[in-house]
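Below: the structure, in structure tokens.
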Amino acid sequence: MPEDLGERTEEATPRRLREAREEGNVAKSQDLGSAVALALGTLVVWVMTMVMFGEGQSMLRRLLDLSALDEAAAPETAWQALAHAGWSAMQVLVPFMLLVMLGTWLAQFFQIGWVFSAKAIRLRGDRLDPIRGVQRIIGPSGLIRVSLDSMKVVVVLSVAVITIFQYQERMLGLPGLPMWEGVTFIGMMMLDLAFRTAGVLLLLGILDYTWQRWRRKRDLRMTRQQVRDDMKEAEGDPEHRKRRMRLQQQLAMQRVAASVPRADVIVTNPQHVSIAICYDPGTMRAPTVVAKGLDHLALRIRQLARRHDVPIVERPPLARALHR
Numbered sequence: 000m001p002e003d004l005g006e007r008t009e010e011a012t013p014r015r016l017r018e019a020r021e022e023g024n025v026a027k028s029q030d031l032g033s034a035v036a037l038a039l040g041t042l043v044v045w046v047m048t049m050v051m052f053g054e055g056q057s058m059l060r061r062l063l064d065l066s067a068l069d070e071a072a073a074p075e076t077a078w079q080a081l082a083h084a085g086w087s088a089m090q091v092l093v094p095f096m097l098l099v100m101l102g103t104w105l106a107q108f109f110q111i112g113w114v115f116s117a118k119a120i121r122l123r124g125d126r127l128d129p130i131r132g133v134q135r136i137i138g139p140s141g142l143i144r145v146s147l148d149s150m151k152v153v154v155v156l157s158v159a160v161i162t163i164f165q166y167q168e169r170m171l172g173l174p175g176l177p178m179w180e181g182v183t184f185i186g187m188m189m190l191d192l193a194f195r196t197a198g199v200l201l202l203l204g205i206l207d208y209t210w211q212r213w214r215r216k217r218d219l220r221m222t223r224q225q226v227r228d229d230m231k232e233a234e235g236d237p238e239h240r241k242r243r244m245r246l247q248q249q250l251a252m253q254r255v256a257a258s259v260p261r262a263d264v265i266v267t268n269p270q271h272v273s274i275a276i277c278y279d280p281g282t283m284r285a286p287t288v289v290a291k292g293l294d295h296l297a298l299r300i301r302q303l304a305r306r307h308d309v310p311i312v313e314r315p316p317l318a319r320a321l322h323r
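Going by numbering that gives the first Met the number 0, the first residue of the sequence shown is number 0, and it counts up by one from there.
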């Protein structure tokens, strides 16, 4: 960071935030995406449990048929059994994988929206520098990340241990259960563990996303001089703005000087507003405003009108209405 955090006390300007987003610097949590994927995948497995068990039974029977084949069995029979087993596995796994991928993408999209940054994927020399890489790992941010990841592992393991401990008595009775009841119990226990883990990871992901937003906001803070420089670049130098305003005033004066002499009447406020009106019944369907101004420009219009003998009429309501 070029400046110390203590010196950067100002919030980032909209222009700075936009540039950071274009560079791929956005607040996002990979853990939140993983947690959403796990939660969605677990939910899909729970809904499709019976279908999966049915396909699993069919696939298991096909595989057992393979072991029963003798050496004289035709090779096509073996290939047919393998193809059916593979197709059964695909029917179960492909929808599951697609939904998990969709959930991960949606989690990222709701965090950062649609962002494509060529700068973020561009090859940069500092990313290939091993010394800088080590500094990123052992630096303050890297140590915080390692500590948080370690805490997440401890929390997830704690959830797993607590879940298994709650099922301990029923697990001891597994040897006495029929095979199908044992498989069902293990499946339900794994689903329960997955739901609990997903819930904990979702909470940790939300906390991580909140921390990422706070850290990005802190890192993008600017010094007062940077804010002034950014405003100059975004809106132009104040001296340049003054010169543009003077030029605009000069152009307005030139237009007034060219328009007032051909006006037929000047309607005034009488001091703050002046409206120059031109009307030719032969060529115009209605009177036309050819010049108008406030304060000093209104005074200039009246001066030009007197110089060119253009009549001046005081009609405050009409003058205000025409100037709007």
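Glycine residues also receive a C-beta, built at the ideal position from the N, C-alpha and C atoms.
Quiz prompt | Residue nearest to A275 in terms of C-alpha spacing, selected from P269, N268, V288 | solution = Translated into the one-based positions of the sequence shown, residue 275 becomes position 276. Measuring from the Cα of A275, the nearest candidate turns out to be V288.
Exercise. Output the distance between the C-alpha atoms of I205 and L16, rounded to the nearest integer angstrom.
Key: On the sequence shown, position 206 is the one that residue 205 refers to. On the sequence shown, position 17 is the one that residue 16 refers to. I205 and L16: Cα-Cα distance of roughly 22 angstroms.
Quiz prompt | Three-state class that DSSP yields for A82 in the structure shown | solution = Residue numbering aside, residue 82 sits at position 83 when the sequence shown is read from its first letter. DSSP places A82 in helix when its eight states are reduced to three.
Practice problem: Could you check if G326 is buried or exposed, using at least 16 other CB atoms within 10 Å of its CB as the buried criterion? | Solution: Outside the shown range of the chain, which is 0 to 323, sits residue 326, and nothing can be said about it.
Self-check item: Length of the line joining the Cα atoms of V312 and Q248
Solution: As a position in the sequence shown, residue 312 is number 313, starting the count at 1. As a position in the sequence shown, residue 248 is number 249, starting the count at 1. Looking at the two C-alpha atoms, the distance is approximately 25 angstroms.
Practice problem: Take D228 and list the residues in its own chain whose beta-carbon comes closer than 8 angstroms to its own, dropping the five residues that flank it on each side. | Solution: In the sequence shown, counting from the first residue as 1, residue 228 sits at position 229. Sequence-distant Cβ neighbours of D228 in its own chain, meaning closer than 8 angstroms and more than five residues away, do not exist here.
Quiz item: Do three or more CB pairs link the stretch 189-200 to the stretch 25-38 at distances below 8 angstroms?
Solution: yes
Quiz item: Is it true that the stretch 297-317 meets the stretch 257-266, where meeting means three or more beta-carbon pairs spaced less than 8 angstroms apart?
Solution: yes
Quiz prompt | A275 - containing beta strand (DSSP E), residue span | solution = By 1-based counting over the sequence shown, the position of residue 275 is 276. 272-277 is the span of the beta strand (DSSP E), which, as asked, contains A275.
Practice problem: With a 10 Å radius around its C-beta and 16 neighbouring C-beta atoms as the bar for buried, classify A71 as buried or exposed. | Solution: Within the sequence shown, the letter at position 72 stands for residue 71. Per-residue confidence for A71 stands at a pLDDT of 45, beneath the threshold of 50, marking its modelled position as unreliable; no derived number is given.
Exercise. For the beta strand (DSSP E) holding G292, just list the boundary residues, first then last.
Key: Here residue 292 refers to the residue found at position 293 when the sequence shown is read from its first residue. Counting along the chain, the beta strand (DSSP E) containing G292 begins and ends at 287-293.
Quiz prompt | One or two residues paired with V266 in a DSSP bridge | solution = Position 267 of the sequence shown, counting from 1, holds the residue named residue 266. V266 is bridged to I274, V312.
Practice problem: Take A290 as the anchor and find which of P269, K151, A257, I185 has the nearest alpha-carbon. | Solution: As a working note, residue 290 is residue 291 in the sequence shown. Out of P269, K151, A257, I185, A257 has the C-alpha closest to the C-alpha of A290.
Self-check item: Cα-Cα separation between F194 and R217, rounded to whole angstroms
Solution: If you number the sequence shown from 1, residue 194 lands on position 195. If you number the sequence shown from 1, residue 217 lands on position 218. Distance between the alpha carbons of F194 and R217 is about 34 angstroms.
Quiz prompt | CA nearest to the CA of L321, picked from R245, L293, R301, R306 | solution = Residue 321 sits at position 322 when you count from the first residue of the sequence shown. Checking every option, the nearest Cα to that of L321 belongs to L293.
Quiz item: Does DSSP put E10 in a helix, in a strand, or in coil?
Solution: Position 11 of the sequence shown holds residue 10. Note: E10 maps to coil in three-state DSSP.
Quiz item: Quick one: what's got a C-beta closer than 7 angstroms to E10's C-beta in the same chain, skipping five residues either side?
Solution: Counted from its first residue, the sequence shown places residue 10 at position 11. R220.
Quiz item: Terminal residues of the continuous alpha helix (DSSP H) containing E168?
Solution: Position 169 of the sequence shown holds residue 168. Note, E168: alpha helix (DSSP H), 167-171.
Practice problem: Closer than 6 angstroms by C-beta to E180: which residues in its own chain qualify, once you throw out the five before and the five after it? Chain order, please. | Solution: As a working mapping, residue 180 is identified with position 181 in the sequence shown. Excluding residues within five positions, none has a Cβ falling inside 6 angstroms.
Exercise. Can you say whether I300 is buried or exposed, counting buried as having 16 or more other CB atoms within 10 angstroms of its CB?
Key: Numbered from its first residue, the sequence shown carries residue 300 at position 301. Buried.
Quiz prompt | Exposure of A38, with buried meaning 16 or more beta-carbon neighbours within 10 Å | solution = Taking the sequence shown and counting its residues from 1, the one referred to as residue 38 is at position 39. Under this definition A38 is a buried residue.
Exercise. Look up M347 in the DSSP assignment and say whether it is helix, strand or coil.
Key: The structure shown does not extend to residue 347, since the chain spans only 0 to 323, so no value can be given for it.
Quiz item: For V259 versus L303, is the C-beta distance shorter than 7 angstroms?
Solution: Translated into positions along the sequence shown, residue 259 becomes position 260. Translated into positions along the sequence shown, residue 303 becomes position 304. Contact: yes.
Quiz item: So V44 and L190 are in contact, right, with Cβ under 8 angstroms, and what is the actual spacing, rounded?
Solution: Residue 44 sits at position 45 when you count from the first residue of the sequence shown. Residue 190 sits at position 191 when you count from the first residue of the sequence shown. Between L190 and V44 the Cβ distance is about 7 angstroms, and since that is below 8 angstroms, they are a contact.
Quiz item: Is it right to say A318 is buried, meaning 16 or more other beta carbons lie within 10 angstroms of its own, or is it exposed?
Solution: The residue you call residue 318 lines up with position 319 of the sequence shown. Result: buried.
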